[in-house]
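Following my numbering, the numbering of the sequence shown begins with 20 at its first residue and continues without gaps. Below: one structure, written as structure tokens.
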Amino acid sequence: MTGDAEGVPSGGPGAGDGERATDRLEQAVRTAEQALIEFEIAVETFRVEVENFSRLHHQRLGPMYSRLDELDALVAEAVAARTGDAEDIRRAQEARAMVQPMPQVDELFGGWMDSEGLSPEASSMLTERPVQPPKRVRPSEEARRVFRELVRKAHPDLARDEADRERREAFIVRVNAAYGDGDEQALRTLADEWAAGPAAEERRPSRSEELYARLEWLAQRKELLAAVAADLESSAIGAMIKMAPDDPDRLLEEIAERLLAQVAEREAYLASLVG
20 MTGDAEGVPS
30 GGPGAGDGER
40 ATDRLEQAVR
50 TAEQALIEFE
60 IAVETFRVEV
70 ENFSRLHHQR
80 LGPMYSRLDE
90 LDALVAEAVA
100 ARTGDAEDIR
110 RAQEARAMVQ
120 PMPQVDELFG
130 GWMDSEGLSP
140 EASSMLTERP
150 VQPPKRVRPS
160 EEARRVFREL
170 VRKAHPDLAR
180 DEADRERREA
190 FIVRVNAAYG
200 DGDEQALRTL
210 ADEWAAGPAA
220 EERRPSRSEE
230 LYARLEWLAQ
240 RKELLAAVAA
250 DLESSAIGAM
260 IKMAPDDPDR
270 LLEEIAERLL
280 AQVAEREAYL
290 ASLVG
């Protein structure tokens, strides 16, 4: 054994301590990476639910809301016709204005856009994806399971180098698209594709400075994701989903039942006014 006159190994006790500190730092980075990936999975799954709920809410319940607006306008007009009061006439005009679309918007954009924004067909042309409404708010349990497993394995934050990161980013885009469509078969096919890909290599040891920089980046990324999650949860649709976290699809049915009852109530009231 080599060493100095007092038998202390060359390099001194500080060398081993430094290696152990780097090992602990590297473990901290890996733990932070996995935590960030899990958080990102949670945010993405909720984003898909919010998007699907919003689309289904508009598709299924939009006609009912439109019917309620029309009935409100008819009721206000019937009341104004009876009373002739200036205030009732003003209310009737305001109610009718709520029903009518913004003038000339459809004409200006040739059917691509109306008072509610881009039409589904226009959005499809811009995104090159077919107009296919989601079947439900939340993809099936199997789709969610496969999606989570794929993201945990293929997440770009686990890349070894820039080429690997680009490969992972392109793959995750396809995974997110399949999950957004609730397509279990596509997710299974992607899982098989990833399993057949190049085997992951062991991460090369990193210098302490690189590990500290990595931890800082992970913390910043977590803050950005937290802001996205907060925006989703504070949105009107997000708040509605939070009301029924176990079965958001059932919430749509309950809202539809309430709207149908309101339509029936207004129709009865209108009939009493004009009958």
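We put the beta carbon where it would ideally sit given N, CA and C, even for glycine.
In this structure, does DSSP put residue i in helix, strand or coil?
i           : result
residue 287 : helix
residue 158 : coil
residue 263 : coil
residue 124 : Any answer about residue 124 is weak, because its pLDDT of 43 lies below 50 and its placement is not dependable; what the coordinates show is given next. In this structure, residue 124 counts as helix in the three-state DSSP scheme.
What residue range is occupied by the uninterrupted alpha helix (DSSP H) comprising residue i?
i           : result
residue 82  : 81 to 102
residue 199 : 181 to 199
residue 177 : Residue 177 -> no alpha helix (DSSP H), and no H or E assigned at all.
residue 205 : 203 to 214
residue 112 : 105 to 118
Return the Cβ separation of residue i and residue j in integer angstroms, given the expectation that the two are a contact with Cβ distance under 8 angstroms.
i           : j           : result
residue 259 : residue 72  : 7 angstroms
residue 213 : residue 169 : 6 angstroms
residue 69  : residue 199 : Incorrect: roughly 11 angstroms between the Cβ atoms, too far for contact.
residue 90  : residue 278 : Actually they do not touch by this definition, with Cβ atoms about 11 angstroms apart.
residue 206 : residue 166 : 6 angstroms
residue 107 : residue 99  : 4 angstroms
residue 292 : residue 94  : 7 angstroms
residue 62  : residue 248 : 5 angstroms
residue 118 : residue 92  : 5 angstroms
residue 203 : residue 253 : At roughly 31 angstroms, the Cβ-Cβ gap does not stay under 8 angstroms, so residue 203 and residue 253 are not in contact.
residue 271 : residue 153 : Actually they are not in contact, since the Cβ atoms of residue 271 and residue 153 sit about 11 angstroms apart, beyond 8 angstroms.
residue 289 : residue 97  : 6 angstroms
- Query: What are the uninterrupted segments assigned as alpha helix (DSSP H) that are 4 or more residues long and contained completely in the region 226 to 258, given in chain order?
  - Reply: Along the length of the region 226 to 258, whole alpha helix (DSSP H) runs at least 4 residues long occupy 227 to 253, reported in chain order.
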